[in-house]
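Trainee: Here the protein sequences line up with chains X and Y, keeping their order.
According to our numbering, the first sequence holds residues 1 to 659 in order.
According to our numbering, the second sequence holds residues 1 to 149 in order.
Where is the CB? At the ideal position from N, CA and C, for every residue including glycine.
One structure is given below, represented as structure tokens, and several questions about it will come after.
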Amino acid sequence: MIPEFGHFALIIGFVLAIILTLIPAWGALQNNVKAMALAPGLSIGVLVFVTISFICLCIAFLQDDFSVRVVTNNSNSLLPPIYKFSAVWGNHEGSLLLWSLILSSWTAAVAIFSRQLPLLMLARVLSVMGFVGVGFLSFMLLTSNPFERMLPGIPADGNDLNPLLQDPGLIIHPPLLYMGYVGFSVAFAFAIAALWGGSLDAAWARWSRPWTNIAWGFLTLGIMLGSWWAYYELGWGGWWFWDPVENASFMPWLAGTALIHSLAATEKRGLFKSWTVLLAIFAFSLSLLGTFLVRSGVLTSVHAFATDPERGLFILVFLMIVVGGSLVLYALRAPAVASRVGFEWVSRESLILCNNVVFLVSTLTVLFGTLFPLFMDALGQGKYSVGPPYFNAVFVPLMALLVPFMGIGPISRWKRDTVGRWQSELLIPAIVALLCGLTLPLFEAEYNIWVALAVTLAAWLVFSLLRDLWYRVRQAVSLTAGLRRITLSYWGMFIAHLGFAACIVGVVATSQYSVEHDLKMSPGQSEVVAGYEFTLLEVVPVAGPNYVADEARFTVARDGQTIVSLAPQKRRYLASGQIMTEADIDAGLMRDLFVAMGEPVGDDGAWAIRLHYKPMVRWMWLGALMMAVGAFATVMDKRYRQARVSRTVRAGGTEQYGV
Amino acid sequence: MHAVRRQRLMLVLFVVVFSSAAIGLMAYALRGNINLFFPPTDVVAGKAPVGQPIRVGGMVVDGSVNRSDDTLEVAFELTDFQSNVAVVYTGILPDLFDEGQGAVAAGTLNANGVLMASEVLAKHDENYMPPEVADALEQAGFDEHGRPK
């Protein structure tokens, strides 16, 4: 009965979402207050029923109800309970249900936390979000029903969850990523609502901005976790493959990064209004495009589930309705919301514009590389693939171009600044950055020009930020008083920009200084990698809850001192017979040591072994974590809370310490 | 010129210059970094270029996988059940690489028609078939077990 309850709740949620789309929209058109006032209640109703549906699917998984097709295909009675739970979204149908759950949570959150919004605006926003909900819920009910039964002939046991997905990282990676992906629907809904009403002021940006920052923070965390998971679980020590599905999550992130910056200009100065709206539409469209790429099976990727074409077509049509509809609306209404404010070239606005151009062009180059194979295939030109060298060649120079401007950004003034002031403020950071670039890479064995460049750029960011902090603090009577005056949104920017610097150093150092040895090793044999001596002691059979494995036991020594024991495994999962490599890693802030097993070589007990020395790889993820923390910190800023309490929003105000 | 117009002109120029630079960079990066997929039949028929990066995909022929005893070199054959292509690869193969399963190898073809692979991709779960391989088999008119359709 429980799966039927779930299915039924999903249908009720779907019907409520339709009502949520139509009634408040009608109310907004007719200026009917009662109809508009239904929107928050309906949003919460959708959330309640989608949640019930989600819980029912969880129960089906946890109780091993193999009469449900999704459970049979993706679970097994031997699976540890925590993975039975995460198996709920380790498949096409369940991941869509999770998507819908998160979408309805965002909708309900907007309904609850945006009580200070004018009712007209709130009704429009929730109606747009309801429409997106209708799209996904109907997609699920029509093509991907998670509660489909296999009757008669219930299988005795399930086919098991793909062993790659049996991992703690996979429990939280999809929910966080979806929080980000779907979170852009809020920014999108605000943008559409603004176009609809034809009024777009600084107050609009102030409402939209916290939501966008939270979504962006979650997306950052989700991408970071995905990269980390690929690093240790796909088994081979890579952390970014420019896989189409990675790109699918990265493009909304790039567009979202442009969006959070242009929103700042819109809030503070009333600038770039129509541009900001377009970016919001663009970011969410890219989220939908990502869903299409992942769920349609048109691309070869580790994320593609076995698929059928009908599903791809459905999302494509939905994508066209959303993108087409919002662009038409934009074309009709954008002139009504255009900015009437000017600014000088030497100003913070210019630097934000620069950020936007770089991030948008990066998004488009990634988009081009991702879609190129699809276009060529559709044109009958053959099946191409675009490899990482393309993406690295276009992406890395663009990011390097960004950093010099990024250093000036925080210290620059809105509206009008002078080059002379920039020079006097930033001369010392520039010199210190150059010195760092010249000296720091020398601590590794050889001087590397790329690392030197990365260190220079990162140091430029760090020291210009510190200079700016000092500039803000020194005017106060005491250091503590000065620090206390600095707003949370400034700290958010500060941490996020420091995180970006950490990312740059991590990415470049690990790319340049990593050492990788693939070799045949017999028990007793040693190999030296970057000064670390890896010794294979023995290979022994071990058993886990739902797998058996060969475990290679290594010790790693440096200068004759044993530092760590590592035990990578080659697992065979019992239910599916699938083979899985489980790498073992000694993690550290300055370096990771990584060991993975290939396959047995010859008959004398030797194995193919991969040994990695990866310096500073953690900096990348640490940096991403800091960016997310920064994004969340900005939302805690007083001015968003004050707006909520006083219910009045100052339009177009500028604050000295704002970002 | 009016200050606002000059500002707009500068903006447009900036965008134009910057995007042409980006497009130039893309075109440059795209050259030599894309590779085309060929089914084994096309490779044997001589339609694939020698010495350029390509991808070949098909089913791994039963009994064709031959591992060296002292290095990481592996030789195997890929088939679309009409023709076979020999592949040589040095390194660690993906976990789900196996005889009778679909795989895609990326590398360059040498003068003897052997693909010197730098990368071998296998499917990542039991029910998944790389779309290129599915297509190649479709064209050859066989299912994945070699039965004619």
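Closer than 7 Å, Cβ to Cβ, to anything on chain Y: give me those residues from the region 580 to 597 of chain X, in chain order.
Mentor: M580, T581
Trainee: Please state the DSSP three-state secondary structure of G107 (chain Y).
Mentor: Strand.
Trainee: Excluding the five sequence neighbours on either side, which residues of its own chain have a C-beta within less than 7 Å of the C-beta of P148 (chain Y), listed in chain order?
Mentor: G141, F142
Trainee: Please classify F375 (chain X): is it buried, with 16 or more other beta-carbons within 10 angstroms of its beta-carbon, or exposed?
Mentor: exposed
Trainee: Using the C-alpha atoms, what's the distance from R55 (chain Y) back to Q381 (chain X)?
Mentor: Roughly 15 Å separates the two Cα atoms.
Trainee: Please confirm whether L10 (chain X) and V50 (chain X) have their CB atoms less than 8 Å apart.
Mentor: yes
Trainee: For W607 (chain X), which residues does DSSP report across the bridge?
Mentor: X:M521, X:P600
Trainee: Roughly how many whole angstroms lie between the Cα atoms of P146 (chain X) and F14 (chain X)?
Mentor: CA-CA distance, P146 (chain X) to F14 (chain X), rounds to 14 Å.
Trainee: At 4 residues or longer, and completely inside the region 378 to 437 of chain X: list those alpha helix (DSSP H) runs for me, N to C.
Mentor: Every unbroken stretch of the alpha helix (DSSP H) spanning 4 or more residues and falling wholly within the region 378 to 437 of chain X is given here in chain order: 388 to 408.
Trainee: Going straight from the alpha carbon of M406 (chain X) to that of A255 (chain X), what length do you get?
Mentor: Rounded to the nearest angstrom, the two C-alpha atoms are 17 Å apart.
Trainee: Might you give, ordered along the chain, the residues of its own chain that have their beta carbon closer than 6 Å to the beta carbon of F76 (chain Y), omitting 5 neighbours on each side?
Mentor: V60, S64, V65, V87
Trainee: Taking 6 Å as the limit between beta carbons, can you name the residues of its chain near A502 (chain X), skipping five residues before and five after?
Mentor: W619, L622, G623
Trainee: For S489 (chain X) and A21 (chain Y), what's the separation of their Cα atoms in angstroms?
Mentor: 35 Å
Trainee: In angstroms with no decimal places, state the Cα-to-Cα distance between V317 (chain X) and A248 (chain X).
Mentor: About 18 Å.
Trainee: State yes or no: is the C-beta of F343 (chain X) within less than 8 Å of the C-beta of V366 (chain X)?
Mentor: no
Trainee: Give me the DSSP bridge partner(s) of Y181 (chain X).
Mentor: For Y181 (chain X), which the question treats as bridged, DSSP gives no partner whatsoever.
Trainee: Considering only residues of the same chain and omitting the five flanking positions on each side of N112 (chain Y), which have a CB-CB separation below 7 Å?
Mentor: Excluding residues within five positions, none has a Cβ falling inside 7 Å.
Trainee: Are L329 (chain X) and L289 (chain X) close, meaning C-beta to C-beta below 8 Å?
Mentor: no
Trainee: What separation, rounded to the nearest whole angstrom, lies between the Cα atoms of G226 (chain X) and L78 (chain X)?
Mentor: 26 Å
Trainee: Please confirm if D95 (chain Y) has its CB atom under 8 Å from at least one CB of chain A.
Mentor: No chain A is part of this structure, whose protein chains are labelled X and Y.
Trainee: Who does S565 (chain X) pair with in a DSSP beta bridge?
Mentor: X:T555
Trainee: How big is the Cα-Cα spacing for M580 (chain X) and A35 (chain X)?
Mentor: 56 Å
Trainee: Please report whether the beta-carbon of T365 (chain X) lies at a distance below 8 Å from any beta-carbon of chain Y.
Mentor: yes
Trainee: Are the Cβ atoms of V508 (chain X) and V451 (chain X) separated by less than 8 Å?
Mentor: yes
Trainee: Taking 8 Å as the threshold, find out whether the region 208 to 221 of chain X comes into contact with the region 173 to 183 of chain X through three or more Cβ pairs.
Mentor: yes
Trainee: Given that R5 (chain Y) touches chain X, what residues does it touch there, using C-beta distances under 8 Å?
Mentor: Per Cβ cutoff of 8 Å: no residues; R5 (chain Y) is ~12 Å from chain X at best.
Trainee: Would you check if the region 82 to 99 of chain X and the region 548 to 560 of chain X touch, i.e. whether three or more CB-CB distances between them fall below 8 Å?
Mentor: no
Trainee: Is the CB-CB distance between Y181 (chain X) and P252 (chain X) below 8 Å?
Mentor: yes
Trainee: Let's test the definition: count the other Cβ atoms within 10 Å of the Cβ of G652 (chain X) and tell me whether it reaches 16, buried, or not, exposed.
Mentor: Residue confidence is low: G652 (chain X) scores 37 on pLDDT, short of 50, so the model does not pin down where it sits. Its coordinate-derived value is still stated next. So G652 (chain X) counts as exposed.
Trainee: Going by beta-carbon coordinates alone, are D468 (chain X) and P410 (chain X) separated by less than 8 Å?
Mentor: A contact, by the Cβ cut-off of 8 Å.
Trainee: Going by C-alpha to C-alpha distance, which of Y:V120, Y:L78, Y:P130, Y:S118 sits closest to G146 (chain Y)?
Mentor: When each option's Cα is compared against that of G146 (chain Y), the closest is Y:L78.
Trainee: Please list, in chain order, the residues of the region 59 to 84 of chain Y that have any C-beta partner in chain X closer than 8 Å.
Mentor: R67, S68, D69, D70, T71, L72
Trainee: How many Å lie between G91 (chain Y) and D518 (chain X) at the Cα?
Mentor: Rounded to the nearest angstrom, the two C-alpha atoms are 7 Å apart.
Trainee: Is I102 (chain X) buried or exposed, if buried means 16 or more other CB atoms sit within 10 Å of its CB?
Mentor: buried
Trainee: Could you work out which residues of chain Y lie near Y384 (chain X), taking near to mean beta carbons separated by less than 8 Å?
Mentor: I34, N35, L36, F37
Trainee: Taking the continuous beta strand (DSSP E) assigned at S526 (chain X), which residues delimit it?
Mentor: 526 to 529
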